[in-house]
Structures are given as C-alpha cells and as structure tokens.
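Enquirer: First, the structure itself, so that you have it in front of you.
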Amino acid sequence: MIDFPEISWASIAPQTVILITALTVLAIDLLPRKIERINITLTALLGVVIALIFARNLTPAYETDFSGMIYRDGVSIYLDQLLLAGTALILLMSHRYAQFHPIAYGEYTVLLLFASLGMMTISISADLITLFIGVELLSLSLYVMSGMDKSSLSSGEASVKYFLLGAFSTGFLVYGMALLFGACRTSNLVLIGSAILDGGAGTPLLILGFALVLVGLGFKISLVPFHMWAPDVYQGAPTPVTAWIAAGSKIAGFAALLRIFSLPGISFEPFGGYWAQAIWWLSMLTMIIGNAGALVQNDIKRMLAYSSIAHGGYLSMAFTANNTVGLQALLFYLAAYLFMTLGAFAVVIAVRRNGRECLSIPDLAGLARQHPGVAGLMAVFLFSLAGMPFTAGFVGKLWLFGAAIQEKYYLLAAVGILTTLLSFYYYLRIIVFMYMHEPQKDAVFDAVPASGRIAAGLAAAGVLALGVYPNLLWKVLAAHTNGL
Amino acid sequence: MLLHDYIPILILAGLAAAFAIGTVLLSFLIGPRKSGDGKLDPYECGMPPEGDPRERFNVKFFLVAMVFVIFDIEIVFLFLWAVIFQQLGVYGLLEMAVFIGILIMAFAYVWKKGVLEWASRTNSST
C-alpha cells in the first residue's frame with residue numbers, strides 16, 4: 043500500500059459543496075422537461091447557503107493541507123464567506139436579469155458557480171499550481187459568461203476582448219510562476235517563502251518571476267496600466283456578470299496577490315522591500331487614472347468600471363504599506379467593496395424604464411420620485427463608494443490610508459485622499475440626477491421586483507452595518523489575522 | 020549526477036538524427052530528379068488544392084477537438100492510475116470514481132446539447 047498523506051476533507055467542504063451544487067444544476071438543466079428558472083436559482087442558492095454554513099464552522103489551521111496544496115487559514119475562511127455571500131447576491135440579480143435577456147439560464151448558473159469555485163480555490167491555495175487552477179477556472183467561466191447575452195453584439199465583443207487580454211495576461215502569470223519555480227525549485231508557496239528567507243532573495247530569476255506574476259495579476263484586477271480591457275468588458279457584458287467581474291474577480295485577484303506577495307505562515311511582509319515601490323507606482327497611477335476616467339463617463343456600467351479600477355488602486359495601497367493594519371484594512375475594504383459594488387449593480391439591474399435597462403446616467407433622472415426606496419438604496423451605495431462617513435467605504439478608506447501613513451507613505455495617502463474628493467463629483471452626479479432632475483418625457487419606471495429589492499437591501503444592510511459598527515468585522519479580522 | 024544513465028538516450032537521439040539525415044541525404048544522392056508544375060504545389064501528392072483555406076469552419080470541428088482533448092487527458096491519467104491500481108486500493112478506486120463522475124457529467128452535457136450529432140444541420144441545443 044502507498045502511504046496516503048493526511049487529508050482533512052472538512053477544510054475544503056465549502057468548495058466541495060459548490061462543486062456538487064454546480065453539477066446538480068447541470069443535471070437539472072439536462073432534464074428533458076422545461077425547468078422553471080426559479081427552481082434553478084433556488085437549487086443554487088441552497089448550495090451556496092450550505093457552503094456558507096460549512097465555511098462558518100471551519101476553524102483556522104495554520105499549516106498546509108493536501109500535501110501542501112491548500113492552506114486553510116483565517117484569511118481564506120473569511121474570503122470564502124465573502125465570496126459565497128457575493129455569489130448569493132449575484133444569483134438573486136441574475137434571476138431577474140434572465141427574465142428580460144435571452145440567457146441560457148441553467149448553463150449561466152453552472153458557470154457562475156464554477157467562477158465562484160475558482161475564486162474560492164484561489165483563496166485557499168498554498169501552491170502555485172492550485173492558485174493557477176483557481177485563476178483559470180474563474181477566468182474561463184467569466185469569459186463565457188460575458189458573451190452569454192446572444193441578442194447583444196456588445197456582449198460578444200466584451201467576451202472576445204476579455205478572452206484575448208485574459209489569455210495574454212495568463213501568459214505573463216504562468217511564465218512568472220515558471221520562473222519562480224525555477225528560482226526556488228518548488229511550487230509550494232511556503233517553501234518558496236523559506237527559500238527566499240534563506241537567501242537568494244535578490245536573484246534576477248526571482249525578481250523577474252515576481253514581476254511577471256504581478257503583471258499577470260495586475261491584468262486580472264485591472265491595475266493601471268493593465269486596465270484597458272475593463273471599461274469595454276464591463277459595458278458589454280450582461281450586467282450581473284459585470285457585477286461579478288467587478289466584485290468577485292477583484293476579490294479573487296487580491297486574494298491571489300495576498301497569497302503570493304505575503305506568503306502563508308511567514309508574515310505579511312517578506313517582500314516589502316522589493317514590492318512596496320513597484321506597487322506604490324501601480325497604486326498611484328491606478329487611483330489617478332481610474333478616478334479621472336470615471337469623471338467623463340455617461341454610461342453607468344462604464345462609470346462603475348472606472349470606479350472599480352480606482353478602488354483597485356486604494357486596495358493595492360495595503361501591499362505598499364505592508365503591515366498588519368494594512369492587511370486588516372485590505373480584508374475589511376474587500377467586504378465593503380463587495381457590498382457597495384454589488385448593491386449598486388443590483389439597483390442598475392432592478393431599475394428598468396419602459397421595459398429597457400437604464401444604462402446612461404440621465405436615464406435615471408427622476409427615479410427618486412417614482413421609486414424613493416430604490417433611489418435611497420442607490421444613494422447609500424454611491425455615498426459608500428465615494429467614502430462618506432457612516433458607510434463601509436469611509437471606514438475602509440480611513441484604515442487603508444491610515445496604514446499607508448503609518449509606514450510614512452504620505453504622498454500615497456495624500457493622492458488617495460485627493461482622488462477620493464475627486465470621486466465625489468461623479469458619484470454625486472448620479473444622485474443629483476435621481477433626486478433633482480425632472481423625469482424625461484414619457485419615462486415610466488417599471489415596478490422593481492422582490493429579488494432586486496432583497497439583493498439591494500441586503501447589500502445596503504452590509505454597507506451600513508460595517509459603516510456604523512465596523513467592530514462587527516474588525517474583531518473577526520483581528521482574530522483571523524493574528525496568526526500571521 | 021550519474022551521466023552514464025543518459026547514454027541510452029544519447030544513443031537513441033543519435034540514431035534518430037542519423038536516420039532522418041541519412042534518408043534525406045540518400046534520396047538526394049541517388050534519387051531521380053524531374054521538375055514540373057506538380058513539384059511546386061504545397062502537397063506534391065494527392066488532390067490538387069482547391070479554394071482558399073481561410074474560410075469559416077463549422078464550429079463543430081472545434082467542439083469535437085475540445086471534447087477529444089478532455090478525454091485524451093482522462094486516458095493519460097487513467098493509465099498512470101491503472102499502473103499502481105493494486106497499491107492504491109479502495110481509496111484510489113473511489114478517487115477515480117469521483118474524477119470520472121465529474122467527467123461523465125460533462126459528457127452527458129455534451130451529448131444532450133447535440134455536440135456529438137454531426138449530421139444534424141440545425142443546432143439542437145435548447
């Protein structure tokens with residue numbers, strides 16, 4: 043008999059449940075008779091909830107599992123819960139969206155679950171191979187999902203553009219990983235970490251490897267100058283898919299950065315000296331160009347695309363600061379970002395006018411008069427994205443900037459604050475249209491469905507709860523990150 | 020490093036190279052030479068080429084190629100598994116059952132969506 047390595051199946055329980063759910067939905071979709079959309083949504087939601095329960099009951103373990111392939115620490119448990127909550131919200135939004143758009147809903151749901159599975163694989167990976175499989179599972183699912191609206195040419199365009207640039211960036215990523223493997227003679231992140239600490243941290247192979255990985259992941263989380271694909275893809279893809287690219291794939295991308303640039307089990311800062319400077323520049327450029335780009339957008343999805351680029355800039359500040367506060371702020375801000383971005387997209391999906399999507403900002407004129415509740419929720423999300431006090435966005439930004447200031451990156455923090463002020467213009471512009479403009483002629487907003495209200499309401503509850511009472515999450519984060 | 024372990028590989032590489040170069044060299048030395056239009060075609064033997072190769076192909080070629088690659092990889096994996104099947108025991112059997120179960124799900128999907136029906140003109144996917 044071969045000696046099998048110790049395997050604790052419980053540590054991948056959430057991932058397993060999502061896989062089984064995806065296969066079940068696939069099987070349901072293959073049944074000969076027509077299946078109502080609601081049944082597919084409910085099956086998927088049930089799976090996500092079960093996975094969430096499993097994820098909540100996990101205890102962090104500070105050692106690798108599955109022969110060093112996965113690492114089930116507090117951070118991964120936390121990120122899994124975030125991603126599962128996000129998946130549930132996206133399912134609610136998609137249910138409504140598929141009512142009006144010719145999307146093969148069964149396949150769409152399966153791909154959505156696979157994308158989430160990929161993200162959750164990244165969050166637990168302790169090996170370059172696991173990480174790469176997660177990145178690919180996520181990306182391939184999202185490429186297809188972006189092109190699923192067969193009635194829209196721009197959806198196809200988004201899919202092709204996303205695929206081409208995604209494949210290109212994967213090339214960078216995998217080449218970088220190969221060089222890291224060559225430099226350290228192992229693909230295990232913990233062993234790579236100890237190989238670097240043992241010396242040889244400055245070898246050209248290692249620096250080139252990390253640089254290429256940074257470029258590859260930079261594409262995935264659309265850091266400037268690797269952000270070119272984002273606006274077109276966000277605009278063209280079906281709106282719930284856009285929401286999941288904006289929220290889910292960004293969280294997964296930062297999880298990947300976290301896994302590689304702060305190696306598990308060592309500390310948050312093994313490469314501080316090298317990477318702080320490179321990420322300083324990326325973060326700076328991303329904040330400036332993201333916010334400047336958002337100023338001139340007239341399409342909500344494009345505006346939110348630039349806004350998501352800008353938020354990537356704020357988030358990457360944590361990697362420059364490279365301290366424990368930075369890590370906690372990053373994790374907190376990911377939660378805040380998830381809720382406010384998904385909330386804003388939930389409203390964009392829920393609000394339709396004369397049977398069409400309202401995609402340009404003037405389309406929303408007078409929304410507050412007909413649907414005060416939904417307009418109010420949208421205002422909450424926009425205020426949070428801009429960073430008004432008493433919202434999650436404010437607390438997150440405060441901590442991120444605080445982490446940068448603690449490490450004496452004053453210029454970076456100053457640019458962060460200034461670009462935040464700039465961002466108030468384009469976020470408030472939507473609020474002005476919703477509240478202070480007369481509705482356009484013969485504009486009648488359709489009734490907002492329950493699924494949209496629930497999704498937006500839950501997201502708003504998250505945004506406000508984290509904004510008013512951040513200790514709710516802060517204590518959890520402190521407990522989850524104290525092993526680092 | 021035990022370099023002499025690699026000597027058989029070196030001999031094989033040498034033989035392969037000698038064979039490749041030798042046959043080309045021999046046909047160059049002793050073969051007859053007749054030039055003509057047919058010699059300048061991309062493929063000297065067989066049908067004369069017709070039409071432009073840069074045309075749109077049916078997407079089914081791509082789908083079949085993709086399915087082929089997936090099952091090809093399954094076979095590669097199965098070979099390795101079969102070699103040490105005795106040592107792996109029941110655990111290995113269950114592991115492989117999970118792997119193949121997932122693949123069978125994909126196969127059922129592909130089948131149901133009509134990828135394997137080559138002749139049908141219309142796309143039978145629902």
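In order, the protein sequence lines correspond to chains P and B.
Going by the numbering used here, the final residue of the first sequence carries number 526, and the count climbs one at a time with no gaps.
Going by the numbering used here, the final residue of the second sequence carries number 145, and the count climbs one at a time with no gaps.
Glycine included, C-beta positions come from ideal geometry on N, C-alpha and C.
For clarity, every value in this text was computed on a predicted model and none was experimentally measured.
1. Excluding five sequence neighbours on each side, which residues of the same chain lie with their C-beta closer than 6 Å to the C-beta of phenylalanine 425/P?
2. From the DSSP output, in three-state form, read off arginine 344/P for me.
3. For serine 144/B, name the three-state secondary structure that DSSP assigns.
4. Starting from the C-beta of leucine 94/P, find all residues in its chain whose C-beta is less than 8 Å away, skip the five residues before and the five after it, and write them out in chain order.
5. Between the C-alpha atoms of alanine 288/P and leucine 346/P, what's the straight-line distance to the nearest angstrom?
6. Leaving out five residues before and five after valine 518/P in sequence, what residues of the same chain have Cβ atoms less than 6 Å from its Cβ?
7. On the CB-based measure, 16 or more other CB atoms within 10 Å of its CB, does serine 193/P come out buried or exposed?
8. Taking beta-carbon pairs under 9 Å, can you tell me which members of the stretch 289-305 of chain P lie near chain B?
9. Given glycine 307/P, which residues of its chain have a CB within under 6 Å of its CB, disregarding the five upstream and five downstream residues?
10. With a threshold of 8 Å between beta carbons, is leucine 72/P in contact with chain B?
11. How would you list, in chain order, the residues of chain P whose beta-carbon sits under 8 Å from the beta-carbon of methionine 124/B?
12. Please compile the residues from chain P whose C-beta is within a distance smaller than 8 Å of the C-beta of lysine 131/B.
13. Tyrosine 128/B touches chain P at which residues, Cβ-Cβ below 7 Å?
14. Excluding sequence positions up to five away, which residues of its chain have a Cβ less than 8 Å from the Cβ of isoleucine 89/B?
15. For glutamine 141/P, is the classification buried or exposed, using 16 other Cβ atoms within 10 angstroms of its Cβ as the cut-off for buried?
16. Output, in chain order, the set of chain C residues within a Cβ distance shorter than 9 Å of isoleucine 121/B.
17. Quick check on this structure: which residue in Trp323/P, Leu515/P, Gly110/P, Asp341/P has the alpha carbon closest to the alpha carbon of tyrosine 468/P?
18. Suppose only complete runs of 4+ residues qualify. What are the alpha helix (DSSP H) ranges in the stretch 333-398 of chain P, listed by chain order?
19. Checking the sheet assignment: what are the DSSP bridge partners for asparagine 230/P?
20. Which class does isoleucine 112/P belong to by DSSP, given the choice of helix, strand or coil?
21. Alpha helix (DSSP H) containing glutamine 448/P: first to last residue?
22. Please go through the same chain and pick out, in chain order, the residues whose beta-carbon is closer than 6 Å to the beta-carbon of threonine 151/P, but skip the five residues on each side of it.
23. Would you be able to state if there are at least three C-beta pairs under 8 Å between the stretch 269-277 of chain P and the stretch 187-207 of chain P?
24. In chain order, what residues of the same chain lie with their CB nearer than 6 Å to the CB of histidine 137/P, ignoring the 5 residues before and after it?
25. What three-state label does DSSP hand threonine 42/B in the structure shown?
26. In the DSSP assignment, what are the bridge partners of serine 194/P?
27. CB-CB under 7 Å to isoleucine 92/P, same chain, minus the five flanking residues each way: which ones, in chain order?
28. What's the call for glutamine 532/P, buried or exposed, on a 16-neighbour Cβ count within 10 Å?
29. What's the C-alpha gap between methionine 161/P and valine 177/P?
30. Taking only three categories from DSSP, how would you classify aspartate 405/P?
31. Going by DSSP, what residue range makes up the alpha helix (DSSP H) through lysine 132/B?
32. Go ahead and pull the three-state DSSP assignment for threonine 281/P.
33. For leucine 380/P, I'd like the list of residues in its chain whose CB is within less than 6 Å of its CB, leaving aside the five on either flank, ordered along the chain.
Expert: In terms of the structure at hand:
1. In the first sequence, counting from the first residue as 1, residue 425/P sits at position 383. Here the set comprises Thr433.
2. Numbered from its first residue, the first sequence carries residue 344/P at position 302. It is helical.
3. As a working note, residue 144/B is residue 125 in the second sequence. Low local confidence applies: a pLDDT of 45 at serine 144/B is under 50, so the model's placement there is unreliable, with the coordinate-based value given in what follows. When secondary structure is reduced to three states using DSSP, serine 144/B falls in the coil class, being assigned neither helix nor strand.
4. Walking along the first sequence from the start, residue 94/P turns up at place 52. Within the same chain, Pro56, Gln123, Leu126, Ala127, Ala130 come within 8 Å of leucine 94/P by CB-CB distance, once the 5 residues on both sides are set aside.
5. Locating residue 288/P in the first sequence gives position 246, where the first residue counts as 1. Locating residue 346/P in the first sequence gives position 304, where the first residue counts as 1. Their Cα atoms are separated by approximately 8 Å.
6. For the purposes of this step, residue 518/P is taken as residue 476 along the first sequence, with counting starting at 1. Within the same chain, valine 518/P has no close Cβ partners at all.
7. Looking up residue 193/P in the first sequence gives position 151. Exposed: under 16 other Cβ atoms inside 10 Å.
8. If you check each beta-carbon in the stretch 289-305 of chain P against every beta-carbon of chain B, none falls closer than 9 Å.
9. Taking the first residue of the first sequence as position 1, residue 307/P is located at position 265. With a pLDDT of 46 at glycine 307/P, under the threshold of 50, the modelled position of that residue is not reliable, and the figure given next carries that caveat. In chain order, Val232 place their CB closer than 6 Å to the CB of glycine 307/P, counting only its own chain and leaving out the 5 sequence neighbours on each side.
10. Numbered from 1 along the first sequence, position 30 holds the residue referred to as residue 72/P. Yes - at least one Cβ of chain B is within 8 Å of the one on leucine 72/P.
11. For the purposes of this step, residue 124/B is identified with residue 105 of the second sequence, where counting begins at 1. Contacts between methionine 124/B and chain P, judged by CB atoms closer than 8 Å, involve Leu65, Leu68, Ala69 in chain order.
12. One-based indexing of the second sequence puts residue 131/B at position 112. Per Cβ cutoff of 8 Å: Leu72.
13. Counted from its first residue, the second sequence places residue 128/B at position 109. Neighbours of tyrosine 128/B in chain P, taken as residues whose beta carbon is under 7 Å from its own, are Leu68, Leu72 in chain order.
14. Locating residue 89/B in the second sequence gives position 70, where the first residue counts as 1. For isoleucine 89/B, where only same-chain residues beyond five positions count, the Cβ hits under 8 Å are Leu122, Ala125.
15. Start at 1 with the first residue of the first sequence, and residue 141/P comes out as number 99. Flag for glutamine 141/P reads exposed.
16. The structure shown contains no chain C; its protein chains are P and B.
17. Within the first sequence, residue 468/P is the residue found at index 426, counting from 1. For tyrosine 468/P, the nearest C-alpha among the options comes from Asp341/P.
18. For the stretch 333-398 of chain P, the continuous alpha helix (DSSP H) assignments of 4+ residues that do not extend past its boundaries occur at 342-363, 366-392, in sequence order.
19. Here residue 230/P is taken as the residue at index 188 of the first sequence, counted from 1. Asp169/P, per the DSSP bridge assignment.
20. Your numbering for residue 112/P matches position 70 in the first sequence. Three-state result, isoleucine 112/P: strand.
21. As a position in the first sequence, residue 448/P is number 406, starting the count at 1. Run containing glutamine 448/P: 434-448, per the alpha helix (DSSP H) assignment.
22. Position 109 of the first sequence, counted from the first residue, corresponds to residue 151/P. Within its own chain, the residues whose Cβ lies closer than 6 Å to the Cβ of threonine 151/P, once the five positions on either side in sequence are excluded, are Val67, Ile82, Ala86, listed in chain order.
23. Three or more Cβ pairs drawn from the stretch 187-207 of chain P and the stretch 269-277 of chain P lie within less than 8 Å of each other, which places the two stretches in contact.
24. Working through the first sequence from its first residue, we reach residue 137/P at position 95. Within the same chain, histidine 137/P has close Cβ partners Thr83, Ser493.
25. As a working mapping, residue 42/B is identified with position 23 in the second sequence. Threonine 42/B falls in the helix class under three-state DSSP.
26. If you number the first sequence from 1, residue 194/P lands on position 152. For serine 194/P, which the question treats as bridged, DSSP gives no partner whatsoever.
27. Residue mapping note: residue 92/P aligns to position 50 of the first sequence, counting from 1. Correct list, in chain order: Val59.
28. The first residue shown for chain P is 43 and the last is 526, placing residue 532/P beyond what the model contains.
29. Here residue 161/P corresponds to residue number 119 of the first sequence, with the count starting at 1. Here residue 177/P corresponds to residue number 135 of the first sequence, with the count starting at 1. Going from the Cα of methionine 161/P to the Cα of valine 177/P covers about 7 Å.
30. Position 363 of the first sequence, counted from the start, is the residue given in the question as residue 405/P. Three-state DSSP puts aspartate 405/P in a helix.
31. Counting from one through the second sequence, the residue named residue 132/B turns up at place 113. Taken as a continuous stretch (DSSP letters only), lysine 132/B belongs to no alpha helix (DSSP H), as it is neither H nor E.
32. Here residue 281/P corresponds to residue number 239 of the first sequence, with the count starting at 1. In the structure shown, threonine 281/P sits in a helix (DSSP, three-state: H, G or I).
33. Looking up residue 380/P in the first sequence gives position 338. If the five residues before and after leucine 380/P are omitted, its C-beta is found closer than 6 Å to the C-beta atoms of Leu124, Gly128, Ala289, all from its own chain and listed in chain order.
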